[in-house]
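Report on the following structure.
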Amino acid sequence: MDLSRRDFIRVSAGAGGAALGGLAGLGADLAPTLAAAAELRIKDAKTYPSICPYCSVGCATLVHTVDGKIANIEGDARSPHNEGTLCPKGAAIYQLHVNPNRPTKVLHRASGAAEWEVWDLERAMARVAELVKKSRDETFIEQLESGARVNMTPAIFSLGGATLDNEWNHIQQKLMRGLGIVAIENQARI
Ligand code: SF4
Numbered sequence: 006m007d008l009s010r011r012d013f014i015r016v017s018a019g020a021g022g023a024a025l026g027g028l029a030g031l032g033a034d035l036a037p038t039l040a041a042a043a044e045l046r047i048k049d050a051k052t053y054p055s056i057c058p059y060c061s062v063g064c065a066t067l068v069h070t071v072d073g074k075i076a077n078i079e080g081d082a083r084s085p086h087n088e089g090t091l092c093p094k095g096a097a098i099y100q101l102h103v104n105p106n107r108p109t110k111v112l113h114r115a116s117g118a119a120e121w122e123v124w125d126l127e128r129a130m131a132r133v134a135e136l137v138k139k140s141r142d143e144t145f146i147e148q149l150e151s152g153a154r155v156n157m158t159p160a161i162f163s164l165g166g167a168t169l170d171n172e173w174n175h176i177q178q179k180l181m182r183g184l185g186i187v188a189i190e191n192q193a194r195i
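For the sequence shown, our numbering gives the first residue as 6, with consecutive numbering after it.
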């Protein structure tokens, strides 16, 4: 039997709908089951209020931990601006902490190479410092033609990720501005 991707999705959706419809048709009330499942997941968990780090909306979250490990993160219904909801990105913040697919080593792919090479952190940091110094030395502008002193380089751009915290960003700004870098942006501000 030939089954296109579109047919497969339609058949699957129909089957799922039929199963749920069948349960509902038999008079089954799924609400208590779903509530019990949700409660089991965070049973005996400690709850800590926190904030989604991904953007400047700053949605409030609740972090549940069991035996010192994060078991669940969800929106905090007490928050006046997100009222318990999280966007898809925020709903996935659990994976910031628990995600087997997350790289844990520095990967370097040399210019023109097809393969990634594992570098130790010290080597990577030294290489970044070397390239920052080289770019800065080659492009540094002390004065404009008008005579205005600017002490800047237009050749380096700093882009921070949304998971950088306030303290990191404070130091990052100091370092970048100290180097004369003026193109500084952070995803969380966008
Ligand atoms: S990324 Fe989504 S959940 Fe996180 S703060 Fe922004 S809007 Fe809220």
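For each residue, glycine too, the CB sits at the ideal point set by N, CA and C.
A quick note: this is a predicted structure, and the numbers were derived from the prediction, not measured.
> When DSSP labels each residue in this structure, what does Ile75 get in the three-state scheme?
Replying inline: In the sequence shown, the residue the question calls residue 75 occupies position 70. Ile75 carries a strand assignment under DSSP once its states are collapsed to helix, strand and coil.
>> I need the straight-line Cα distance from Glu135 to Ser84, nearest angstrom please.
In response: Position 130 of the sequence shown, counted from the first residue, corresponds to residue 135. Position 79 of the sequence shown, counted from the first residue, corresponds to residue 84. About 46 Å.
> So what's Pro105 in DSSP terms, helix, strand or just coil?
Replying inline: Residue mapping note: residue 105 aligns to position 100 of the sequence shown, counting from 1. For Pro105, the three-state secondary structure derived from DSSP is coil.
> Alpha carbon to alpha carbon, how far is Glu172 from Lys179?
Replying inline: For the purposes of this step, residue 172 is taken as the residue at position 167 of the sequence shown. For the purposes of this step, residue 179 is taken as the residue at position 174 of the sequence shown. If you take the alpha carbons of Glu172 and Lys179, they lie about 11 Å apart.
>> Checking the sheet assignment: what are the DSSP bridge partners for Asn174?
In response: For this step, residue 174 is matched to residue 169 along the sequence shown. Answer is none; Asn174 lacks a bridge partner.
>> According to DSSP, is Glu120 part of a helix, a strand, or is it coil?
In response: As a working note, residue 120 is residue 115 in the sequence shown. Judged by DSSP in its simplified three-state form, Glu120 adopts coil rather than helix or strand.
> Residues in its own chain within less than 8 Å of Leu184 by CB, not counting five upstream and five downstream?
Replying inline: To locate residue 184, count along the sequence shown from 1; it is residue 179. In the same chain as Leu184, and ignoring 5 residues on each side of it, the C-beta atoms closer than 8 Å to its own belong to Val137, Arg141, Thr158 and Ile161, in chain order.
> Just the Cα atoms here: how many angstroms apart are Ile176 and Ala188?
Replying inline: As a working mapping, residue 176 is identified with position 171 in the sequence shown. As a working mapping, residue 188 is identified with position 183 in the sequence shown. Roughly 16 Å between the two C-alpha positions.
> Hey, Ala193 and Ser61: beta-carbon distance below 7 Å or not?
Replying inline: Residue numbering aside, residue 193 sits at position 188 when the sequence shown is read from its first letter. Residue numbering aside, residue 61 sits at position 56 when the sequence shown is read from its first letter. Taking the C-beta atoms as reference points, Ser61 is found nearer than 7 Å to Ala193.
> Does DSSP put Val137 in a helix, in a strand, or in coil?
Replying inline: One-based indexing of the sequence shown puts residue 137 at position 132. It is helical.
> Whose C-beta lies closer than 6 Å to the C-beta of Gly63 among residues of the same chain, with five residues either side of it excluded?
Replying inline: Along the sequence shown, one-based indexing puts residue 63 at 58. The residues are Ile56.
> Hey, is the stretch 73-80 in contact with the stretch 91-99, meaning 3+ C-beta pairs nearer than 8 Å?
Replying inline: At 8 Å Cβ cutoff, the stretches touch.
> Whose CA, out of Thr70, Ala115, Asn87 and Arg114, lies closest to the CA of Val103?
Replying inline: Counting from one through the sequence shown, the residue named residue 103 turns up at place 98. Comparing Cα-Cα distances from Val103 to each of Thr70, Ala115, Asn87 and Arg114, the minimum goes to Thr70.
> So, helix, strand or coil for Thr52, using DSSP?
Replying inline: For the purposes of this step, residue 52 is identified with residue 47 of the sequence shown, where counting begins at 1. The three-state secondary structure of Thr52, taken from DSSP, is strand.
> Excluding the five sequence neighbours on either side, which residues of its own chain have a C-beta within less than 8 Å of the C-beta of Ser163, listed in chain order?
Replying inline: If you number the sequence shown from 1, residue 163 lands on position 158. Cβ neighbours of Ser163 beyond the five flanking positions: Gln177, Met181, Ile186, Ala188, Ile189 and Glu190.
> Expressed to the nearest angstrom, what Euclidean distance is found between the alpha-carbon atoms of Lys51 and Glu122?
Replying inline: As a first step, residue 51 is located in the sequence shown; it is residue number 46 there, counting from the start. As a first step, residue 122 is located in the sequence shown; it is residue number 117 there, counting from the start. So the alpha carbons of these two residues sit roughly 41 Å apart.
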